[in-house]
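S.K.: One structure, as structure tokens, below. Some questions next.
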Amino acid sequence: MKKTLTLTESELVKVVNRIVESYTDDMYNDEDYIEVFLQYFRPWVRKNHGDEIGEYPLSYLTKKYMKEFAKDIGLSPENVIFGYKGTLGNASNIGKNLVKQGNHKMPSLRSQEKFTEKFKKPLEFFVNELNLPEFMELIFVEKTPYKVFSTLKIDWKGLIKYQGDAKFKGEDIKVELQNKIRDFLGIELGNPTHGQLEFNYNKEYIGVEEWVKKSLNKEIKKKIRELPSARVLHAIKFETMSHNLGGELKFSFKNYNGRNNFMKEVKELLQSMRYNTVILKTYS
């Protein structure tokens, strides 16, 4: 039984825009650009070389007429046709240039409504469920629909002096958010051009450079070099951790006799200064 769906004018415009509209950051694959090439190439062959030749095998036509076709649509063959790419790669190049020139508009299943606006309240609920400490803040930026950049902003001093029991792993926050978006909102993660959500995540430490300059270099290193076993110390190196949240103090030594005692003294020193040595780690 057939059903008739009635749309208002504004609803119809939204549906058409969802299918037709594309953004400069839409992501297409070679297959998409090859399809564009094929839509123009064979009709061009028929028009310029006759209907009979236009029905010849595609492998023959591309070998014989691809360069001529590229020239005719305003491209320099040497800039789009390369021997190492093969026929499909070159067809993709030409198709991509047809799009860039404005000769062809790519279809897109991308939503015209921004994800962070449409799901503002669920996102706020998800973030609250994370129970982030006061020195962390999660920011969402979405310049084009369904391409979301999330940044976990972390006050560095607040992090390394945290005395609670919670364990912080940056990637865990990302995974939990993605799971909630997928499981509770029913949104598939992937390419916005395919109607999916691109969810990017990174972390940003606030105040690291100031801490290194004022606290690490002027205070902590000085106290470390005054420790009873510091005679074995050669150098101290600091870096933030890439996967987990926190940083690492790495030590090199003139010799290894007394190294264990020295590392114990360093850890006790940092703890006496109210640093969390699980987050600000020490390595030798």
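Following my numbering, the numbering of the sequence shown begins with 1 at its first residue and continues without gaps. Cβ coordinates follow ideal geometry from the N, Cα and C atoms, glycine included. Small disclaimer: the values here were computed from a predicted structure and weren't measured.
What does DSSP give as the partner residues of residue 197 in its beta bridges?
M.R.: Residue 197 is bridged to 189.
S.K.: For residue 141, write down the residues that DSSP places opposite it in a beta bridge.
M.R.: DSSP output for residue 141 lists 149 as bridge partner(s).
S.K.: When you compare the CB of residue 107 with every CB in chain B, is at least one pair closer than 7 angstroms?
M.R.: Reference to chain B is not applicable here, since this structure consists of a single protein chain.
S.K.: What residue from 204, 225, 208 and 62 has the CA that sits closest to residue 136's CA?
M.R.: Among 204, 225, 208 and 62, the Cα nearest to that of residue 136 is on 204.
S.K.: Which of helix, strand or coil does DSSP assign to residue 202?
M.R.: If DSSP states are grouped into helix, strand and coil, residue 202 belongs with the strands.
S.K.: If you compare alpha carbons, which of 224, 270, 267 and 174 is closest to residue 151?
M.R.: Cα-wise, what sits closest to residue 151 is 174.
S.K.: Please return the same chain residues whose Cβ sits closer than 8 angstroms to the Cβ of residue 30, not counting the five positions on each side in sequence.
M.R.: Closer than 8 angstroms at the Cβ level, and outside the excluded window around residue 30, lie 88, 89 and 92.
S.K.: Can you tell me whether residue 115 is buried or exposed, with buried defined as 16 or more other CB within 10 angstroms of its CB?
M.R.: Buried, by the Cβ-count rule.
S.K.: Which one or two residues does DSSP pair with residue 136 in a beta bridge?
M.R.: Looking at the DSSP assignment, residue 136 forms a beta bridge with 154.
S.K.: Below 8 angstroms, can you find three or more Cβ-Cβ pairs linking the region 258 to 278 to the region 180 to 198?
M.R.: In short, these stretches do not touch, since the Cβ pair count stays below three.
S.K.: Which complete beta strand (DSSP E) runs does the region 205 to 253 hold, if anything under 3 residues is left out?
M.R.: Listed in chain order, the complete beta strand (DSSP E) runs (minimum 3 residues) inside the region 205 to 253 are 233 to 240 and 247 to 253.
S.K.: Can you have a look at residue 275 and say buried or exposed, based on whether 16 or more other CB atoms are within 10 angstroms of its CB?
M.R.: Buried, by the Cβ-count rule.
S.K.: For residue 224 versus residue 246, is the C-beta spacing smaller than 7 angstroms?
M.R.: Against a cut-off of 7 angstroms, the Cβ pair of residue 246 and residue 224 comes out as no contact.
S.K.: Whose C-beta lies closer than 6 angstroms to the C-beta of residue 46 among residues of the same chain, with five residues either side of it excluded?
M.R.: Contacts found: 54.
S.K.: Curious, which full-length alpha helix (DSSP H) runs of at least 4 residues does the region 20 to 56 contain?
M.R.: You should have 30 to 49 and 51 to 54.
S.K.: For residue 141, count neighbouring C-beta atoms within 10 Å of its own C-beta (all shown protein chains included) and say buried if the count is 16 or more, exposed if not.
M.R.: It counts as exposed.
S.K.: Give me the DSSP bridge partner(s) of residue 281.
M.R.: The partner list for residue 281 (beta bridge, DSSP) reads 248.
S.K.: Of all the options 61, 119 and 277, which has the alpha carbon lying nearest to the alpha carbon of residue 184?
M.R.: Here the closest residue by C-alpha is 119.
S.K.: Are there three or more Cβ pairs, one per stretch, closer than 8 angstroms when the region 93 to 109 is compared with the region 151 to 166?
M.R.: Judged by Cβ distances under 8 angstroms, the region 93 to 109 makes no contact with the region 151 to 166, as fewer than three pairs qualify.
S.K.: Run the CB neighbour count on residue 57, radius 10 Å, all protein chains shown included, and call it buried at 16 or more, exposed below.
M.R.: Per the 10 Å Cβ criterion, exposed.
S.K.: Can you tell which of 197, 240 and 233 has its C-alpha closest to the C-alpha of residue 206?
M.R.: The residue with the shortest Cα to Cα distance from residue 206 is 240.
S.K.: Between 236, 69, 162 and 242, which has its C-alpha nearest residue 254's C-alpha?
M.R.: Ranking 236, 69, 162 and 242 by Cα distance to residue 254 puts 236 first.
S.K.: Based on Cα-Cα distance, which residue from 233, 181, 244 and 38 lies nearest to residue 125?
M.R.: Among 233, 181, 244 and 38, the Cα nearest to that of residue 125 belongs to 181.
S.K.: Tell me the rounded alpha-carbon separation between residue 131 and residue 79.
M.R.: Each residue's alpha carbon lies about 54 angstroms from the other.
S.K.: Using CA coordinates, which residue listed in 230, 217 and 242 is at the minimum distance from residue 168?
M.R.: That would be 242, whose Cα lies nearest to the Cα of residue 168.
S.K.: Please name the residue, chosen from 144, 164 and 217, that lies closest to residue 199 on a Cα-to-Cα basis.
M.R.: Cα-wise, what sits closest to residue 199 is 144.
S.K.: Between which two residues does the alpha helix (DSSP H) carrying residue 72 extend?
M.R.: Unbroken alpha helix (DSSP H) run through residue 72: 58 to 72.
S.K.: Looking only at its own chain, which residues have a Cβ that is under 7 angstroms from the Cβ of residue 258, when we skip the five neighbours before and after it?
M.R.: The residues are 229 and 232.
S.K.: So, for residue 61: in the same chain, excluding its five sequence neighbours on each side, which residues have a beta-carbon less than 6 angstroms away from its beta-carbon?
M.R.: Cβ within range, chain order: 45.
S.K.: Grab me the residues of residue 170's own chain with a C-beta within less than 6 angstroms of its C-beta, minus the 5 sequence neighbours each way, in chain order.
M.R.: Once the five neighbours on either side are set aside, the close Cβ partners of residue 170 are 203 and 245.
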